[in-house]
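Below is one structure; the comments refer to it alone.
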Amino acid sequence: MLKLKDTTTRDAFRYGYLLNKMYPYIKLVLGRSILLFLLAVPLGLLDGVVAFSLRPYMDFVVNGNEYQTFELLGHTFKLQAFFIKLIPIAIVLFALVQGVLKYICNYLSDWTGNKMSNALKVDLFKKLTSMDTKFFDVNSSGIVLSRFFTDPDTASKNLINTLKSFILAIFEFVALVFVLLFNSWKLALIGIGVMGIAITPVILIKKKIKNVSNATMVVSGDMTTNFNETFAGNKIITAYNLQQNQNHKFEEQIHEQFDLTMSLTKRVGWMSPIMYFVCSIGIAIVMNYGNSLILSGEMTAGSFASFVTSLLLLYKPTKSLGLTLTNLQSTFVSIARVFELFDLMPEIKNSQNAKKLDGVGDIEFSHVWFEYEEGQPVLKDFNLKVNANETIALVGNSGGGKSTVVSLLPRFYDINSGSIKVNGEDIRNLDIENLRNNISFVFQDNYLFTGTIKENILMGKPNASEEELLQAIKLSHLDEFIGTLPDGIDTVVGERGASLSGGQRQRVAIARALIKNAPIVILDEATSALDNESEAIVQKALDNLMRNKTVFVIAHRLSTIHSANRIAVLNEGELVELGTHDELINKKDGRYRYLYEMQFSTGGV
Ligand SMILES: Nc1ncnc2c1ncn2[C@@H]1O[C@H](COP(=O)(O)OP(=O)(O)O)[C@@H](O)[C@H]1O
Ligand SMILES: [Mg+2]
C-alpha cells in the first residue's frame, strides 16, 4: 500500500525500532550532541551551587562569626570570613558562566537539530521523487507536505532539545535535592513530597496531548490541501462562484483546529496554576515547620534560607522533567510519521540484471489485465501489436481505458497479468530509466515548471546543443511567438505556465519532446483543449514530432487520426476493432463507424 495513514500514534510506541531508524541521522551530529549533553551537566548543577552557598553567607550575616564550619561527606570544612564575603561576587561570576554555557548549549542544540532535520528533509525529498505515480494518486498534497516540513523538524529538534532539557533538569534536580537534604532531611521530605503531588497531573495528561496533537496534524494537512486546491483550481472556483464554498471549508477547518487547540489548552492550561497552588501549600508548611526547627536550634537561619531558595528553584526542573515525557511522546509520533513515509517502497523498480534497449522495434501488449482499484479491472485481456515506426491511434468513448494503455508503457503503473514487450523483451525486465528515455509524452494539459521557456524545453535533454535547441523551437513552430517576446527564449513562464496560451504551452511541451528525440511518442489528447486555429499550428508541430517514430495517438477528434496507420478501438477496457480508417469505416455496425458518424452528425469534427 502506498497510502499514508491519518494517524501513526500506535507506531510511536516502537521506540527501539524508531531510534534505530533515526540512528544514521543522529550519527551525523553525534559529536556535537555529546558535547551539548556534557555541557548541560555543569549548567544544571550551577543553580544548586548558588543555593548551597547561601547558607554560609546568611549565617555569617546573622551571626558574624569569623568562620563557618560545615560537614560534608564525613569531612569538616572551615570557611573563613574572607571567603564568605566573596560569595555575592562568586554568584555573579557563576551567573556569567551559566550565561556563556547556556549560549553554547543553545547554539549546539540549534545546530544539531537543524542539521538532522535537513538531512531528513533531503532524504524525504529523494523518497518523494522516487515514488510511483500511484503514491501521488492516493495521498493528498497537504498530508504529504506536513510530513515534509513539520515532522522532520519536530522529530529532530525536539529529540535534541528534549534530551538536553532532560539532562539539564536531572542535574538541576539532583543538585537542588542534595542542597535540601543537606540542610534538613525532615523539611526536604515535606518539600519533595509536595513537588511529587504537584507534577502528577503533568504525567496523567500525557496521553490526551498526544491524541490531540495527532488530530491537529490531520487538520492542518487538510488545510494545506485546501490551500493548494484553491491555487490550482482558481479558475474553476471563479467560474463556478465557489469562493463561498472554499471560504466555508477553510473556516470549518480553522474552527476545528481552534477547537483542538483549545481542548488542549483547557486540559493543559490548569496544570501550571494547580502546580503553583500545591507548591504554595508546600512552602507554607515548610515555613511553618522550619520556623520551629530554627527556634529549637535544629536549623540555622542560613540553612533555612538556602533550603527555601532550593525549593523555589526546584519548581523549574521538576516541571521540565514532567514535560520531557510529553515532549518525548510527540517527538516519537513525528519520528513514526517520518519513517512511515520512508518505509513506503516504490512498487515499480528495476529488476535484477535489468536490460537496456537497443533501439525500438515492435511493441506488443498481450493479454493485459490491469486495475487501479482491486476488483475493478480497467483493461480486460487487452491485445495490441504495434510495429516499429507505425502510428497507431487509440479511440473509444471516455473512460474506456485509452490513457491507461499508454501510461502502462513507461510503467507509471504495472499490469496485473499478461505482458507488455518492447523488441520481444518484457518491459519489467528493462531498465526503467532507459525505457522512459525512449518515450516522449505530450498530454492535454502539460506541466510547465516555473522558469524560462528555454529551461522548460531543455528538460527534454539538459545537455542539448544550441543548434538542437533552435531546431526544436523551429520544428515546434515556436520561433515566431518567441520572436515577439522581449526576453525571447529567456522569458519566464509563471507557475504552471499560466502566462502562456494553451497552444503556446502545448508547443513548448512539443519542443521539450522534440529535443528529447525519443523513438516512441505518446500523444494523449494533445490537441483536444485547443481551438481550431491553435490546433492547426500545434498539429504541424506534432507532425514534426511524429516523423519516423513509433506513435500512440489518442485524439478526441476523429478527423485528426485519419492519417494513422491503424486505429485501435477500445470499449470498456477491451480492444473491439483494429484496422485502417478505410477498413473500419466500411464495417457495417462497426464501433468506429458509429463513433465517426456520431461526430459528423453532431458537428464535432
Ligand atoms: N489514477 C486512477 N485511479 C483510479 N482509477 C482511474 C485512474 N485513472 C483512470 N481511472 C479509471 O480507469 C478507467 C479508464 O480511464 P482512462 O484510461 O483515463 O480512460 P480514457 O483515457 O479512455 O478516457 C476509468 O474508469 C477511470 O475512472
Ligand atoms: Mg484519457
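Taking the numbering used here, the leading residue of the sequence shown gets 8, the next gets one more, and so forth.
Quick reminder that beta carbons are idealized off the backbone N, C-alpha and C, glycines included.
Keep in mind the model is a prediction, meaning the values are calculated, not measured.
*Touch check for the segment 120 to 137 and the segment 82 to 94: three-plus C-beta pairs under 8 Å?*
No contact exists between the segment 120 to 137 and the segment 82 to 94.
| query | If you run the structure through DSSP and keep just helix, strand and coil, what is Thr231? | reply | For Thr231, the three-state secondary structure derived from DSSP is helix.
Beta-carbon separation of Ile174 and Thr119 under 7 Å?
-> Not in contact: Ile174 and Thr119 (Cβ atoms no closer than 7 Å).
Subject >> Helix, strand or coil at Val36 [DSSP, three-state] >> reply: Taken through DSSP and simplified to helix, strand or coil, Val36 comes out as coil.
Inspect the beta-carbon positions of Ile422 and Val499 and report whether they are closer than 7 Å. Contact flag unset, no.
- Item | Contact under 7 Å by Cβ, Cys329 with Phe311 | One detail in the question is off: residue 329 reads as Gly in this sequence, not Cys. No, Cβ-Cβ distance for Gly329 and Phe311 is not below 7 Å.
**Asked** Comparing alpha-carbon positions, which option in Gly490, Lys409 and Gly276 lies nearest Ile529?
**Response** Measuring from the Cα of Ile529, the nearest candidate turns out to be Lys409.
Ser535 beta carbon near ligand 2 (any heavy atom closer than 6 Å)
At a threshold of 6 Å, Ser535 does not count as near ligand 2, since its beta carbon sits no closer than that to any of the ligand's heavy atoms.
Check your understanding: Going by beta carbon distance, what residues of the same chain come within less than 8 Å of Thr345, once the five residues before and after it are set aside?
Key -> Residue identity check: residue 345 is Val in the sequence provided, not Thr. Contacts found: Leu127, Leu131, Arg154, Asp158, Pro159 and Ala162.
### Message
Does Pro493 come out as helix, strand or coil in the three-state DSSP assignment?
### Response
Assignment of Pro493 by DSSP, reduced to helix, strand and coil, places it in the coil class.
Which parts of the segment 538 to 578 are runs of the alpha helix (DSSP H), unbroken and 4 residues or longer, counting only runs that do not cross its ends?
Within the segment 538 to 578, complete alpha helix (DSSP H) segments of at least 4 residues are found at 539 to 553, given in chain order.
Item to check | Local Cβ density within 10 Å of Gln251, reported as buried at 16 or more and exposed below that | outcome: It counts as exposed.
inquiry  = Quick test of the definition: if touching needs 3 or more C-beta pairs under 8 Å, does the segment 419 to 435 touch the segment 585 to 596?
reply    = Not touching, per the Cβ criterion.
- request: For ligand 1, list every residue whose C-beta falls under 5 Å from any of its heavy atoms, going in chain order.
  value: That query returns the following residues: Asp144, Tyr379, Val385, Ser405, Gly406, Gly407, Gly408, Lys409, Ser410 and Thr411.
*Pick from Leu61, Gly240, Lys461 and Ser483: whose alpha carbon is nearest that of Val99?*
Scanning Leu61, Gly240, Lys461 and Ser483 for the CA closest to the CA of Val99 turns up Leu61.
> Taking the Cβ atom as the reference point for each residue, do Ile522 and Gly458 lie within a distance shorter than 7 Å?
Replying inline: Result no, Cβ atoms of Ile522 and Gly458 do not sit closer than 7 Å.
In the DSSP output, which residue or residues are listed as bridge partners for Glu78?
Residue pairing for Glu78: DSSP places it in a beta bridge opposite Thr83.
Less than 7 Å between the C-beta atoms of His484 and Ile574, yes or no?
Between His484 and Ile574, the C-beta gap is not smaller than 7 Å, which leaves the two residues out of contact.
Check whether the Cβ atoms of Val449 and Ala533 lie closer than 7 Å to each other. Yes, the Cβ-Cβ distance between Val449 and Ala533 is below 7 Å.
Kindly list the residues whose CB is nearer than 7 Å to the CB of Ala516, restricted to its own chain and excluding five residues on each side of it in sequence; keep chain order.
-> Closer than 7 Å at the Cβ level, and outside the excluded window around Ala516, lie Val449 and Asn453.
For this session: Decide if Pro280 is buried, meaning its Cβ has at least 16 other Cβ atoms within 10 Å, or exposed.
Result: Pro280 is exposed by the Cβ-count criterion.
**Prompt:** Do Ser535 and ligand 3 come close, with the Cβ less than 6 Å from some heavy atom?
**Reply:** This structure lacks ligand 3; the ligands present are ligand 1 and ligand 2.
**Study point:** Strand pairing of Ile427, partner residues [DSSP]
**Key:** In the DSSP output, where bridge partners are listed per residue, Ile427 has Phe372.
So Glu581 is in the beta strand (DSSP E); what residue range does that whole segment cover?
If you look at Glu581, you'll find it in the beta strand (DSSP E) that goes Glu581 to Gly586.
Worksheet entry | Sequence-distant residues of the same chain with beta carbon closer than 6 Å to Met230, five excluded per side | Excluding residues within five positions, the ones whose Cβ falls inside 6 Å are Gln260.
(message) Restricting to runs no shorter than 4 residues, where is the alpha helix (DSSP H) found entirely within the segment 214 to 293?
(response) The DSSP assignment places 241 to 246 and 250 to 276 as complete runs of the alpha helix (DSSP H) inside the segment 214 to 293, in order along the chain (cut-off: 4 residues).
Among residues of its own chain, excluding the 5 on either side of Gly403, which ones have a beta-carbon nearer than 7 Å to its beta-carbon? So the qualifying residues of the chain are Lys409, Val576, Leu577 and Asn578.
_Restricting to Cα atoms, I'd like to know which of Leu602, Asp486, Glu474 and Glu397 is closest to Asn631._
The chain is shown from 8 up to 612; residue 631 falls before or after that span and cannot be answered.
Review point. Looking at the unbroken beta strand (DSSP E) that takes in Ala400, where does it start and where does it end?
Key: Per DSSP, Ala400 belongs to the beta strand (DSSP E) from Thr398 to Gly403.
Any beta carbon from chain D within less than 7 Å of Ile199's own beta carbon?
The displayed structure is made up of one protein chain only, and chain D is not part of it.
Q: Assign Asn390 to one of three DSSP states: helix, strand, or coil.
A: Correct three-state label for Asn390: strand.
| field | Spatial neighbours of Ser327 in its chain, beta-carbon cut-off 6 Å, leaving aside the 5 residues before and after | value | The beta carbon of Ser327 sits closer than 6 Å to those of Ser172 and Ala176, all from its chain and outside the five residues before and after it, given in chain order.
> Going by the beta-carbon positions, is the gap between Ile464 and Pro417 smaller than 7 Å?
Replying inline: For Ile464 and Pro417, no; Cβs fall outside 7 Å.
- Whole-number beta carbon distance between Lys387 and Glu371, since they are thought to touch under 8 Å: Cβ-Cβ separation between Glu371 and Lys387: approximately 17 Å, too far for a contact (criterion under 8 Å).
| request: Find the nearest neighbour of Gly23 within the set Phe339, Gly597 and Leu437, judged by alpha-carbon distance. | output: Among Phe339, Gly597 and Leu437, the Cα nearest to that of Gly23 belongs to Phe339.
6 Å CB neighbourhood of Gly611 in its chain, flanking five on each side removed
At Gly611, the pLDDT of 47 sits below 50, so the modelled position is not reliable and the matter cannot be decided from this model.
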